[in-house]
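As you go down the protein sequences, you meet chains A and B in turn.
Going by numbering that gives the first Met the number 0, the residue at position 238 of the first sequence is 237; the numbering climbs one at a time, nothing skipped.
Going by numbering that gives the first Met the number 0, the residue at position 265 of the second sequence is 264; the numbering climbs one at a time, nothing skipped.
I have placed the structure first, in the form of structure tokens, so that the comments after it can refer back to it.
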Amino acid sequence: MVLPRYAWRGLYEQRLVILLTMVAFVWPLLCAGFIYLTNHVELLQGLDKEFLDFIQVNGQFFRVFMYVQAGCAVFIAALAGPGLIAPDLSNNALPLYFSRPLTRWSYALARLTVIIGMLSVVTWIPGLLLLALQVGLAGGWWFLANWTLGAGMVVGFLLWLLILSLVAMASSAYVKWRIVAGAVSLAVFFILSGVSEMIDQVFRVSWGHVLDPAWTVNRVWCTLLGVDPPEGPGAGASIVALTAFVLLLVVVIERKLRPVEVVR
Amino acid sequence: MSETAVVELEDLRVKLGRREILHGISCRLGVSGTGKAVGLLGPNGAGKSTLILTLLGFHRASAGRARILGMDCRRNMGEARSRIGYMPENDSFVGEMTAVSFLRQMAELSGLPPKAALEKAHEVLFHVGLGESRYRELRTYSYGMKQMAKLAQAIVHGPELVILDEPTNGLDPAARRRMLKLVTDMKEEQGMNVLVCSHLLRDIEQVCDEAVILKDGAIVHHCNLEEERRSNKSFVELEVTGDDRNLRMALPEIGADGVSEGGGRWRIVLPAGVEVEAIWGLAARQDLLVRKLTHRRDTLEEIFLKAMGHLSHTPGESATLEVGGS
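Encoded structure:
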């Protein structure tokens with residue numbers, strides 16, 4: 000935990016990171032208020048019955064929560080990610096790390112831990128707190144009936160954080176300048192989304208969505224939370240596509256994390 | 000009980016891509032725990048850096064074995080790295096960290112507990128002369144300061160072996176002197192073994208006790224500089240005016256032997272215990288006027304040039320051969 004400790008200290012010295020993290024707590028607070036209101040219906044007397052049926056704490060509620068928090072996580076990752084590997088590469092610090100009892104994989108894992116740890120603070124941790132609030136207000140029977148929501152939320156968020164972190168690490172490994180690396184991290188998602196949409200429209204198919212990691216993660220979330228999925232490839236195809244994307248990112252990062260460049 | 004060599008190579012071959020860089024080199028260098036320095040010399044492209052990177056586990060051997068401090072470079076690299084310090088040739092640092100944070104992190108990565116790492120970081124920075132600037136970010140340092148910071152991170156965890164790759168590269172004379180003094184202190188006062196890779200022969204001659212010369216991926220010479228210094232075998236190049244016909248027969252009076260090169264020039268081999276003052280006395284007794292007297296040992300430069308093939312014999316060897324031949 001040596002590398003993560005020093006990295007977290009450095010990251011949380013940046014005011015913009017602290018500001019974004021604080022902004023990312025606004026939505027969970029609003030959701031907490033929502034949970035409180037739905038469990039105190041006497042406060043909502045006089046509202047339309049259909050509306051009262053709509054505002055339930057269920058899979059759809061957590062899906063919306065996850066959607067917004069995942070968006071915040073993208074911006075935090077774009078801000079914090081570039082500082083992960085680029086400073087070590089630009090100043091040739093990798094030989095110093097790897098001349099110590101530290102393998103390339105433990106270095107990469109340490110960097111991954113840094114960003115996943117940062118993003119966990121604004122994703123599944125407040126999500127579990129919301130779940131705990133709901134259980135506390137609604138009673139244990141609600142938990143017994145809906146425990147899969149908690150597990151699904153944690154797994155779903157971790158999947159998204161893994162994708163985000165690997166994209167951030169890859170852009171940090173290949174782009175020296177932080178601002179550009181951050182922009183590349185964001186652009187990856189927009190570009191892939193655009194490409195997938197273009198394929199779907201041009202070829203009049205729906206499988207183009209597998210190229211969009213945001214769409215495929217959302218598709219997996221729908222399965223985990225028991226929510227009606229959007230039209231397109233199923234959860235299985237989405238998982239396969241995400242696995243391929245993760246493996247590609249791992250290979251891309253591995254090629255850069257070497258103590259010395261060998262000219263062959 | 001056999002002594003553990005600092006570096007032990009058995010028919011080591013290293014390939015990078017399709018090119019074989021090290022061609023089956025074998026040697027034993029240094030003795031662990033003795034606080035000696037080994038110099039690694041060679042022209043550009045000889046394989047010095049490849050050897051060092053192989054010892055650090057950055058390159059894999061295609062054949063043969065390499066051991067460092069008795070540990071196999073392939074199988075026990077994790078443990079070996081906790082006992083090694085490495086100062087790379089190129090700029091290596093984390094620019095946004097202060098020197099203290101940087102050293103503290105490196106010390107903790109090498110296994111020191113956080114509190115000890117902080118204490119050692121401050122201590123080492125003062126030792127290398129960066130005490131006053133230890134709270135500045137490394138990217139604000141001058142080149143010389145960065146070199147010292149690189150040395151500091153290599154020794155902060157008190158390693159048994161420190162590997163220095165071109166430590167005096169780009170340093171001004173004062174900084175170079177300071178660096179060499181620090182290297183000497185490391186081995187003499189702290190008992191660290193040092194492996195110095197350099198193309199500056201006088202640096203190696205100044206700090207090292209043993210030298211290995213590499214050429215085209217093979218060891219062409221291995222000499223014990225400490226023993227050479229102790230042997231005291233030296234030679235004198237003498238130029239005299241006067242009748243020197245009897246000089247050859249007079250030399251055994253002082254236990255020396257020599258050969259005339261004509262025109263009053265002589266090469267005289269002095270064995271251990273015979274000082275050059277004896278030559279002056281002998282010349283006076285022979286009524287010879289000394290025009291020039293040069294007292295020399297073979298320098299590392301001459302040994303190196305001979306190893307590279309630029310000299311067929313060192314001057315010392317030439318003198319010994321000429322005297323023995325006549």
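Each residue gets a CB set at the ideal place from its N, CA and C atoms; glycine is no exception.
Just so you know, these numbers come straight off a predicted model, no measurement behind them.
* Would you say residue 232/A and residue 208/A are within 8 Å of each other, going by their C-beta atoms? -> Contact: yes.
* In chain A, which residues lie with their C-beta within 9 Å of the C-beta of residue 89/B? -> Proximity of chain A to residue 89/B at the Cβ level (cut-off 9 Å) is accounted for by 91 and 94, in chain order.
* Every unbroken alpha helix (DSSP H) inside the stretch 140-171 of chain A [4 residues or more] -> The stretch 140-171 of chain A contains no whole alpha helix (DSSP H) run of 4 or more residues.
* To do: Could you name the residues of the same chain whose beta carbon sits closer than 7 Å to that of residue 109/B, not counting the 5 residues immediately before and after it, in chain order?
  => Hits under 7 Å: 81 and 156.
* To do: Answer with buried or exposed for residue 246/A, where buried requires no fewer than 16 other C-beta atoms within 10 angstroms of its C-beta.
  => It counts as exposed.
* **Within chain A, the residues that residue 92/B reaches when beta carbons sit closer than 9 Å** => Within 9 Å Cβ-Cβ: 90, 91, 92 and 95.
* CB residue 150/B to CB residue 105/B, shorter than 8 Å? -> Residue 105/B is positioned such that its CB atom lies no closer than 8 Å to that of residue 150/B.
* **Under the three-state DSSP convention, the category residue 272/B falls into** => DSSP, reduced to helix, strand and coil, places residue 272/B outside both helices and strands of the structure shown, so it counts as coil.
* Asked: Just reading off the beta strand (DSSP E) that residue 11/B is part of, what are its end residues?
  -> If you look at residue 11/B, you'll find it in the beta strand (DSSP E) that goes 6-15.
* **Ranges of the alpha helix (DSSP H) found wholly within the stretch 219-255 of chain A, counting only runs of at least 4** => Every alpha helix (DSSP H) stretch that sits fully inside the stretch 219-255 of chain A and reaches 4 residues is listed by chain position as 234-255.
* To do: Throw me the rounded Cβ distance for the residue 92/A and residue 93/B pair, which I believe falls under 8 Å.
  => About 5 Å separates the beta carbon of residue 92/A from that of residue 93/B, a gap short enough to meet the 8 Å contact definition.
* Asked: Smallest Cα separation from residue 264/B: which of 239/B, 280/B, 244/B and 252/B?
  -> Comparing Cα-Cα distances from residue 264/B to each of 239/B, 280/B, 244/B and 252/B, the minimum goes to 239/B.
* Asked: What are the complete alpha helix (DSSP H) segments, minimum 4 residues, inside the stretch 140-203 of chain B?
  -> Complete alpha helix (DSSP H) runs here, min 4: 142-154 and 172-187.
* For residue 184/A, does the three-state DSSP call read helix, strand or coil? -> The three-state secondary structure of residue 184/A, taken from DSSP, is helix.
* DSSP-derived helix/strand/coil call for residue 235/B -> Correct three-state label for residue 235/B: strand.
* Which of helix, strand or coil DSSP assigns to residue 59/B -> The three-state secondary structure of residue 59/B, taken from DSSP, is coil.
* To do: May I ask you to list, following chain order, the residues of the stretch 102-117 of chain B that have a beta carbon less than 8 Å from some beta carbon of chain A?
  => Of all residues in the stretch 102-117 of chain B, only 104, 105, 107, 108, 109 and 110 place a beta-carbon less than 8 Å from a beta-carbon of chain A.
* Run the CB neighbour count on residue 134/B, radius 10 Å, all protein chains shown included, and call it buried at 16 or more, exposed below. => Its Cβ having fewer than 16 others within 10 Å, residue 134/B is exposed.
* To do: Within its chain, find whatever has a CB closer than 6 Å to the CB of residue 81/A; leave out the 5 residues flanking it on each side and keep chain order.
  => Within the same chain, residue 81/A has close Cβ partners 171, 177, 180 and 181.
* **Nearest neighbour of residue 4/B, chosen from 214/B, 25/B, 126/B and 129/B [CA to CA]** => With respect to the C-alpha of residue 4/B, the residue from 214/B, 25/B, 126/B and 129/B having the closest C-alpha is 25/B.
* Residues bridged to residue 258/B (per DSSP) -> According to DSSP, residue 258/B bridges with 266/B.
* Note down the Cα distance separating residue 64/A from residue 112/A, rounded to an integer number of angstroms. => If I take the Cα positions, the gap works out to 23 Å.
* Residues of chain A with CB under 7 Å from residue 146/B, in chain order? -> Correct list: empty, because the minimum Cβ distance to chain A is about 14 Å.
* Asked: Taking 8 Å as the CB-CB limit, is residue 9/A close to chain B?
  -> At least one chain B Cβ lies under 8 Å of residue 9/A.
* Where residue 111/A sits in the DSSP three-state scheme -> Residue 111/A falls in the helix class under three-state DSSP.
* Asked: When the Cα of residue 114/A is compared with those of 103/A, 124/A, 148/A and 79/A, which residue comes out closest?
  -> The shortest Cα separation from residue 114/A among 103/A, 124/A, 148/A and 79/A belongs to 79/A.
* What do you get for residue 214/A, buried or exposed, if any count of 16 or more other CB atoms within 10 angstroms of its CB means buried? -> Buried is the call here.
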